[in-house]
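If you use the working numbering, the sequence shown corresponds to residues 5 to 156, in order.
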Amino acid sequence: MSLESVRQFFRENAPDISVIVTEASSATVALAAEAHGVEPDQIAKTICLKIGEDVVLVVTAGTKRLDNRKFKDRFGVKPRMLDAEAVIEATSHPVGGVCPFGLPSPLKVYCDLSLKAFAEVVPAAGATNAAVKITPERMLALVDGEWADLCQ
5 MSLESVRQFF RENAPDISVI VTEASSATVA LAAEAHGVEP DQIAKTICLK IGEDVVLVVT
65 AGTKRLDNRK FKDRFGVKPR MLDAEAVIEA TSHPVGGVCP FGLPSPLKVY CDLSLKAFAE
125 VVPAAGATNA AVKITPERML ALVDGEWADL CQ
């Protein structure tokens with residue numbers, strides 16, 4: 005159902021973007037980069053976090069790591085990652101396929117500035133072997149996201 009919700013999202017909001025399903029797994033940044041023939045940092049990984057009682061998504065360049073100080077300065081709390089079950093509950097997407105598209109209910113999305121280094125990024129698309137190719141700016145617009153400086 006998760007992959008289908010992402011396909012539906014793109015049919016309704018960006019019909020020119022196709023969901024790419026590969027034979028190879030793209031569940032990790034390294035596997036995704038290999039499967040799509042891009043640099044690891046072009047993989048737009050989505051992290052599901054809790055800020056107080058709110059669940060948010062942070063999308064970063066593939067090899068970047070959250071900077072706890074920057075996060076705390078921005079949100080007033082340390083980042084708390086959700087476990088796999090809570091990620092599925094919040095997004096309907098399995099770990100390795102988490103993306104900001106096709107969510108069961110809206111979540112706030114923050115796109116790290118690290119994504120701006122690329123003309124095109126490759127976020128997952130609701131399954132561990134699905135992705136899309138998209139410009140960072142278009143991704144931000146489609147998910148009503150906000151730019152944020154959150155990584156090291």
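Ideal placement from N, C-alpha and C gives every residue a C-beta, glycine not left out. Only a predicted model underlies this, so the values are computations on that prediction, with no experimental measurement involved.
Beta-carbon proximity check, residue i vs residue j, cutoff 8 Å
{"i": "P110", "j": "V125", "result": "no"}
{"i": "R84", "j": "L53", "result": "yes"}
{"i": "G66", "j": "A31", "result": "no"}
{"i": "P127", "j": "V42", "result": "no"}
{"i": "S9", "j": "G130", "result": "yes"}
{"i": "F105", "j": "Q46", "result": "no"}
{"i": "L185", "j": "V113", "result": "Nothing can be reported for residue 185, as the shown portion of the chain is limited to 5 through 156."}
{"i": "T26", "j": "A18", "result": "no"}
{"i": "C155", "j": "K68", "result": "yes"}
Neighbour-count burial assignment, residue i, 16 or more Cβ in a 10 Å radius
{"i": "S28", "result": "Looking at the sequence shown, residue 28 is not Ser but Ala. The residue in question, A28, is exposed, as its Cβ has fewer than 16 Cβ neighbours within 10 Å."}
{"i": "S118", "result": "buried"}
{"i": "D148", "result": "exposed"}
{"i": "N133", "result": "buried"}
{"i": "R11", "result": "buried"}
{"i": "D116", "result": "buried"}
{"i": "A135", "result": "buried"}
{"i": "A94", "result": "buried"}
Heavy atom of the ligand PLP within 7 Å of residue i beta-carbon
{"i": "V99", "result": "This structure lacks the ligand PLP, and indeed carries no ligand of any kind."}
Whole-number beta carbon distance between residue j and residue i, since they are thought to touch under 8 Å
{"i": "I51", "j": "V81", "result": "I51 to V81, Cβ: 15 Å. No contact."}
{"i": "K74", "j": "D153", "result": "6 Å"}
Legend entry - Whole runs of the alpha helix (DSSP H) within the segment 44-102, excluding any shorter than 4 residues: 72-79, 88-95
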